[in-house]
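First comes the structure, then the notes that go with it.
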Amino acid sequence: MFSQFISQAEGPQVYLITSLAIFLVFFIVVTILLFSMRKNHINYMSDMPLHDTNDQPLTTAEYEN
214 MFSQFISQAE GPQVYLITSL AIFLVFFIVV TILLFSMRKN HINYMSDMPL HDTNDQPLTT
274 AEYEN
């Protein structure tokens with residue numbers, strides 16, 4: 214089905230297919246990076262704006278289990 218769609222694409226439709234392919238590749242790469250991140254790093258990044266004790270810098274040791 215996809216090969217028929219590509220073979221019939223001419224002119225401006227090539228740009229549509231190219232933008233769809235770029236979006237899919239970007240989405241897949243971001244999804245892979247998201248699932249490969251460590252949970253500690255995600256917790257560290259999510260607490261950065263909220264952590265404000267005596268203006269001390271955050272350490273990743275706070276999140277290690």
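According to the working numbering, the sequence shown holds residues 214 to 278 in order.
Yeah, the Cβ is synthetic: ideal placement off N, Cα and C, and Gly gets one too.
Model, not experiment: these values are computed from the prediction.
Practice task
Measure the C-alpha to C-alpha separation of Phe239 and Asn256 and round it to an integer number of angstroms.
Solution key: For the purposes of this step, residue 239 is taken as the residue at position 26 of the sequence shown. For the purposes of this step, residue 256 is taken as the residue at position 43 of the sequence shown. Cα-Cα distance, rounded: 24 angstroms.
Handout entry: Endpoints, alpha helix (DSSP H) assigned at Met258
Key = The residue given as residue 258 occupies position 45 in the sequence shown. 252-260 is the span of the alpha helix (DSSP H), which, as asked, contains Met258.
Problem - Alpha-carbon to alpha-carbon, Ile245 and Leu229 - result: Residue numbering aside, residue 229 sits at position 16 when the sequence shown is read from its first letter. Residue numbering aside, residue 245 sits at position 32 when the sequence shown is read from its first letter. When the Cα atoms are used, Leu229 and Ile245 turn out to be separated by approximately 24 angstroms.
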